[in-house]
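Just remember that the working numbering sits 19 ahead of the position in the sequence shown, which is counted from 1. Every residue gets a Cβ at the ideal spot worked out from N, C-alpha and C, and that includes glycine. All remarks here apply to the structure that follows.
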Amino acid sequence: MSVDVLSPAGRYHPGVLGSVSYQERRKEFVEGRDTPRRYLERCIERIEAIDGPIMAWAFKNYDAARKAADASSERYKSNRPISLIDGMPLGIKDLYETADMPTEYGSELFRGNRPIRDAATVYALRHGGAVLLGKTVTVCFGGGDPSRTRNPFDTRRTPGGSSSGSAAAVAAGMIPTALGTHGRGSTIRPASFCGVFGLKPTYGSINRQGSWSAAHSLDHVGLLAATLSDVWTTARHAAKHAGGDPGHPGLYGEMEPPAPQRPLRLIRLDTAGWPVADAAAKEQFEAVLRDLQKAGVHIFSRRDDPAIEAYEQVHANSSALWQALYRFEMRWPLFQYRDYDKSKLEARLLAGLAQSEGTSQELYRAALVERRHFREMHAELMNRCDGFITLSAPGAAPIGMDQGSAIFNEATSVLGCPAISLPLVVVDDMPVGVQILGARDGDERLTSIGRWIAEIHCVTA
20 MSVDVLSPAG RYHPGVLGSV SYQERRKEFV EGRDTPRRYL ERCIERIEAI DGPIMAWAFK
80 NYDAARKAAD ASSERYKSNR PISLIDGMPL GIKDLYETAD MPTEYGSELF RGNRPIRDAA
140 TVYALRHGGA VLLGKTVTVC FGGGDPSRTR NPFDTRRTPG GSSSGSAAAV AAGMIPTALG
200 THGRGSTIRP ASFCGVFGLK PTYGSINRQG SWSAAHSLDH VGLLAATLSD VWTTARHAAK
260 HAGGDPGHPG LYGEMEPPAP QRPLRLIRLD TAGWPVADAA AKEQFEAVLR DLQKAGVHIF
320 SRRDDPAIEA YEQVHANSSA LWQALYRFEM RWPLFQYRDY DKSKLEARLL AGLAQSEGTS
380 QELYRAALVE RRHFREMHAE LMNRCDGFIT LSAPGAAPIG MDQGSAIFNE ATSVLGCPAI
440 SLPLVVVDDM PVGVQILGAR DGDERLTSIG RWIAEIHCVT A
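Shown next, in the form of structure tokens:
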């Protein structure tokens, strides 16, 4: 098989990945027309064929994955699958501890690190029958210099970060689903750049124990998949069996993917990102809004309601608010890692730590008050609509390995509300996501809206 090193996954167009969800493949397992082991072998064949120029994987665990797939195949043969994700090949971002694979956090400091446990979410997925195929590449500690991974539709471009390998592996058709994380834009941005579905769930709704966290009040588990159905079943299984973060109720909803549901009212957001967004991305976004209006969705904006205008003005300050929160919280344990061996921390991390030294506790306390006000505004506006809609990124993935701007993502990280990136827009033959935001703990409702929006644009969700 010859591989185009510039575009290993072929030319991008919306819906190229999601023609068949994993849940559809499960039906073939149940009916005996396919098996998890045969499906895994096709995934491995795809990885071996095209991952060379993409570099999505930090560690491949083929032997253990084959054993897990064989066990799953036997369960389907006996009509005893144990979950909706039984037999699903998964990539695990290398910020999650794994008992049978290295966990290096993308850092030279942890080269060869072998934990003795799984992170809570990994444990839940493993015991649900998921086939953990390997560890995907991450930006160092989720916030360092860009990773080595390339965009599978144009290897001159970044896949985004920090969930670089997870997004690229799903986009390239190597696996149906992967775990990411999200503290700034680490799930929504690479989902946008790689043309996959991405979910940043409600803060605390999926257990983060055993995963790296640089800023405890901002970091989320993230999920990336070829369909929103697979995003949901994976997230819901993880939350049911691992719970949410301690003290949080966990992700609400049924185990089955929610049916597509048309929203009645959406609020269009410019956010801080609109002034810097590409003209082509703006034009395509406006076209999406026109399609929604034709389908009977009422779109409101800052021009229609002073409360929306006030909310937009707070959004415009979201970058500074995120900085104040993140820089104060990232000190531990990164200060200690810097003290231990500064030479093994990357330039971007060292610059962030230098900024954190100038972030006082008084500034952090003021940011907490501002965040509480921001969240109250979000909750009040959610009483008037079914959700918010905006871009996921300012445009297509930039050429070069910089991770790209997270300006459309910082506010949702601060808000802690669920956010989903839908692969609906194409600019310069590259994907750009459309982002929808919902109410806290409204992840299931937001997923149903996302499925409906995607499907009216002929993208299987």
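If you look at A186, you'll find it in the alpha helix (DSSP H) that goes 183-190.
Unbroken beta strand (DSSP E) runs of no fewer than 3 residues, entirely contained in the region 68-140, are found at 76-79, 108-112, following chain order. Closest option to D23, judged by alpha-carbon separation, among G71, V49, E275: G71. In this structure, the alpha-carbon of D297 lies about 5 Å from that of G414.
Looking only at G214, A254, F354, the smallest Cα-Cα distance to N226 is reached by A254. Under the Cβ criterion (8 Å, minimum of three pairs), the region 446-459 counts as touching the region 397-416. In the displayed model, H260 falls within a helix according to three-state DSSP. With fewer than three CB-CB distances shorter than 8 Å, the region 393-403 does not count as touching the region 437-455. A77 is positioned such that its CB atom lies no closer than 7 Å to that of V189. Checking the DSSP bridge columns, you'll see N402 has no partner listed. DSSP lists no bridge partner for P268. According to the DSSP assignment, V150 belongs to the beta strand (DSSP E) that extends over 150-155.
By the Cβ rule, the region 144-152 counts as touching the region 248-268, because three or more pairs are nearer than 8 Å. Within the same chain, Q342, R346 come within 8 Å of Q374 by CB-CB distance, once the 5 residues on both sides are set aside. Around the CB of L218, 16 or more other CB atoms lie within 10 Å, so the residue is classed as buried.
Burial is judged here by how many other beta carbons sit within 10 angstroms of a residue's own beta carbon; M274 has fewer than 16 and is exposed.
M107 is the residue among M107, A75, E302 whose C-alpha sits nearest the C-alpha of A90.
With the rule of 3 Cβ pairs closer than 8 Å, the region 346-365 does not count as touching the region 414-430. From the listed residues P100, P178, S211, L128, the smallest Cα separation to Q422 is found for P178. Shown here, P450 sits in a strand according to DSSP, grouped into three states. Contact check for D249 and Y41: beta-carbon distance about 5 Å, within the 8 Å limit, so the pair qualifies. Bounds of any beta strand (DSSP E) do not take in K46; it lies within the alpha helix (DSSP H) bounded by 41-50.
Only residues of its own chain outside the window of five on either side were considered, and among them C159, G163, D164 have a CB closer than 6 Å to the CB of E365, listed in chain order. Going by C-alpha positions, L288 is about 27 Å away from G161. CA-to-CA, the gap between V316 and P282 works out to about 6 Å. When the five nearest sequence neighbours on each side are left out, no beta carbon in the same chain lies closer than 8 Å to the beta carbon of A339. The three-state secondary structure of D173, taken from DSSP, is strand. Residue pairing from DSSP places L410 in a beta bridge opposite V453. One thing to note: P27 has its Cβ no nearer than 7 Å to the Cβ of P121.
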